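*Asks:* After the structure tokens below, expect a handful of questions from me.
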């Protein structure tokens with residue numbers, strides 16, 4: 353990390369001075385970014401922020417950020433699951449099979465065998481001491497497979513609208529109130545921010561990150577955007593109460609935080625169902641803010657589009673100016689941005705193919721600000737398998753004109 357930071361700082365110092373902005377009232381970004389990325393983002397802020405107009409008239413420009421591993425290093429939802437497992441906060445369901453639309457009999461049997469039936473339904477499972485139970489839950493969450501290697505989820509789903517193990521996270525907290533889950537997230541947040549950078553912990557046989565950090569550069573970017581008149585939103589495939597706890601740390605309130613929204617029962621407790629989008633009604637996970645689902649939730653919750661139209665790419669005046677993500681789950685909404693597509697490089701196939709193809713010259717790629725990955729060997733398989741179709745089949749990444757994106761090398765690391 354130190355070597356990259358010093359190299360980046362030297363490159364920044366050696367870069368030719370940029371032309372002074374005519375928009376002197378626009379706030380300025382700070383911090384070390386890769387190459388000329390800071391200057392490029394600043395130019396978008398100068399050109400598109402309300403600070404450039406000076407009168408504040410008209411609609412505010414929109415910026416949208418993914419959360420986990422985009423604004424933070426490591427996953428806030430995983431930190432909450434880790435804390436919950438170590439503090440016996442997962443309640444035993446009446447049926448593991450019923451927690452998800454796609455959880456198969458094999459996985460349900462594995463969870464029942466590992467977690468047992470000794471505690472009554474609706475009471476906490478002893479996951480702090482039952483390593484087998486914690487292991488099964490973590491393995492299904494992380495890989496979509498049981499500890500034996502069997503597929504945990506079966507059946508069909510739209511792979512560009514949901515992924516069962518992501519939807520399963522808020523379903524694991526069924527029976528709790530939103531206030532309770534928020535309290536768990538606050539405790540997990542305090543613990544993760546206090547843990548040393550690079551630290552890990554062991555849960556069952558799993559080694560998981562013990563720490564989470566806000567990226568200083570992203571915190572500064574969000575603060576600068578808001579001062580420049582942008583309406584800044586977080587759109588995440590995590591559980592909304594958890595994401596809301598973390599987004600407050602960068603000044604984004606609950607009204608500007610969109611994630612998986614659980615349906616509550618008449619007592620205000622979380623159920624295994626979540627709210628729908630784009631004309632799809634509430635379900636057990638069919639539509640979450642995931643790949644094309646993120647576009648749907650942005651159109652619906654930010655721009656007020658209802659029904660099937662929320663799945664469509666809108667005109668340039670009704671899309672985010674800046675969008676930031678780190679993974680293929682973000683590729684659609686990041687690609688929709690009209691000013692800058694900011695990608696934090698975690699070597700994810702489709703989004704990196706689109707970023708390095710840079711079809712409109714607006715893709716901004718930055719290494720992770722903490723412990724960046726080394727250069728990916730070889731080339732991304734853009735021309736063959738980096739795209740995931742709705743039925744889950746791999747295929748080539750194509751441009752908006754239908755042309756196939758060639759295989760591309762990793763150049764920003």
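Numbering (the working numbering), first residue to last: 353 to 765.
Don't be surprised by glycine CBs; every beta carbon is placed ideally from N, CA and C.
From a predicted model like this one, the values you see are computed outputs, not experimental measurements.
Look at the Cβ atom of residue 717, then the Cβ atom of residue 686, and state whether they are nearer than 9 Å.
*Replies:* In the chain shown, residue 717 corresponds to position 365, counting from 1. In the chain shown, residue 686 corresponds to position 334, counting from 1. In this structure, residue 686 does not lie closer than 9 Å to residue 717 by Cβ.
*Asks:* Among residues of its own chain, excluding the 5 on either side of residue 528, which ones have a beta-carbon nearer than 6 Å to its beta-carbon?
*Replies:* Sequence index remark: in the chain shown, residue 528 carries index 176 (1-based). Contacts found: 622.
*Asks:* Would a C-beta distance cut-off of 9 Å place residue 541 and residue 428 closer than the cut-off?
*Replies:* Against the chain shown, residue 541 aligns to sequence position 189. Against the chain shown, residue 428 aligns to sequence position 76. Yes, they are a contact pair.
*Asks:* Any chance the region 675 to 694 sits against the region 396 to 407, with 3 or more Cβ pairs inside 8 Å?
*Replies:* With the cut-off at 8 Å, the region 675 to 694 and the region 396 to 407 touch.
*Asks:* From what residue to what residue does the beta strand (DSSP E) around residue 676 run?
*Replies:* Residue numbering aside, residue 676 sits at position 324 when the chain shown is read from its first letter. First-last of the beta strand (DSSP E) with residue 676: 674 to 677.
*Asks:* Going by other Cβ atoms of all chains shown within 10 Å of its Cβ, with 16 needed for buried, is residue 502 buried or exposed?
*Replies:* For this step, residue 502 is matched to residue 150 along the chain shown. Result: exposed.
*Asks:* Does the region 378 to 394 come into contact with the region 559 to 570, if we say contact requires no fewer than three beta-carbon pairs (one atom in each stretch) closer than 8 Å?
*Replies:* yes
*Asks:* Could you tell me the distance, in whole angstroms, from the CA atom of residue 454 to the CA atom of residue 446?
*Replies:* Numbered from 1 along the chain shown, position 102 holds the residue referred to as residue 454. Numbered from 1 along the chain shown, position 94 holds the residue referred to as residue 446. For residue 454 and residue 446, the gap between their C-alpha atoms comes out near 16 Å.
*Asks:* Residue range of the beta strand (DSSP E) that residue 591 falls in?
*Replies:* As a working mapping, residue 591 is identified with position 239 in the chain shown. Element bounds for residue 591: 583 to 591.
*Asks:* Taking the continuous alpha helix (DSSP H) assigned at residue 539, which residues delimit it?
*Replies:* On the chain shown, residue 539 is found 187 positions in, with the first residue counted as 1. Start and end: 530 to 546.
*Asks:* Which residues does DSSP pair with residue 761 in a beta bridge?
*Replies:* What you label residue 761 is simply residue 409 of the chain shown in a count that begins at 1. Partner(s): 731.
*Asks:* Does residue 405 pass the burial test, meaning 16 or more other C-beta atoms within 10 Å, or should it be called exposed?
*Replies:* Locating residue 405 in the chain shown gives position 53, counting from the first residue. Exposed: under 16 other Cβ atoms inside 10 Å.
*Asks:* If residue 609 and residue 643 are in contact, beta carbons under 8 Å, what's the gap, nearest whole angstrom?
*Replies:* Start at 1 with the first residue of the chain shown, and residue 609 comes out as number 257. Start at 1 with the first residue of the chain shown, and residue 643 comes out as number 291. The pair is not a contact, with the Cβ atoms about 19 Å apart (cut-off 8 Å).
*Asks:* Sorry if obvious, but does the Cβ on residue 670 come closer than 8 Å to a heavy atom of the ligand NAD?
*Replies:* The ligand NAD is absent from the structure shown, which contains no ligands of any kind.
*Asks:* Tell me the rounded alpha-carbon separation between residue 370 and residue 715.
*Replies:* What you label residue 370 is simply residue 18 of the chain shown in a count that begins at 1. What you label residue 715 is simply residue 363 of the chain shown in a count that begins at 1. For residue 370, the predicted model reports a pLDDT of 40, less than 50, meaning its position is unreliable; a value from the coordinates is still stated below. It is roughly 19 Å from the alpha-carbon of residue 370 to the alpha-carbon of residue 715.
*Asks:* Which residues in the same chain have their Cβ closer than 8 Å to the Cβ of residue 476, if we skip the five residues on either side of it in sequence?
*Replies:* Counted from its first residue, the chain shown places residue 476 at position 124. Hits under 8 Å: 440, 441, 442, 443, 444.
*Asks:* Just tell me which of 380, 377, 422 has its CA closest to the CA of residue 589.
*Replies:* Position 237 of the chain shown, counting from 1, holds the residue named residue 589. Residue 589 has its Cα closest to that of 422, out of 380, 377, 422.
*Asks:* Considering only C-alpha positions, which residue in the set 629, 636, 576 is nearest to residue 377?
*Replies:* Counting from 1 along the chain shown, the entry for residue 377 is found at position 25. That would be 576, whose Cα lies nearest to the Cα of residue 377.
*Asks:* Please classify residue 619 as buried or exposed, where buried requires at least 16 other C-beta atoms within 10 Å of its C-beta.
*Replies:* Mapped onto the chain shown, residue 619 falls at position 267. When all chains shown are included, residue 619 counts as exposed.
*Asks:* Quick one: which unbroken beta strand (DSSP E) runs of 3-plus residues sit fully inside the region 408 to 466? Chain order, please.
*Replies:* 414 to 417
*Asks:* So who's on the other strand from residue 716, going by DSSP bridges?
*Replies:* Residue mapping note: residue 716 aligns to position 364 of the chain shown, counting from 1. 694.
*Asks:* Leaving out five residues before and five after residue 705 in sequence, what residues of the same chain have Cβ atoms less than 7 Å from its Cβ?
*Replies:* Here residue 705 refers to the residue found at position 353 of the chain shown. Cβ within range, chain order: 732, 734, 738, 749, 757, 760.
*Asks:* Alpha carbon to alpha carbon, how far is residue 420 from residue 426?
*Replies:* Taking the chain shown and counting its residues from 1, one reaches residue 420 at position 68. Taking the chain shown and counting its residues from 1, one reaches residue 426 at position 74. Their Cα atoms are separated by approximately 6 Å.
*Asks:* Going by DSSP in three states, residue 626 sits in which element: helix, strand or coil?
*Replies:* What you label residue 626 is simply residue 274 of the chain shown in a count that begins at 1. Strand, per DSSP.
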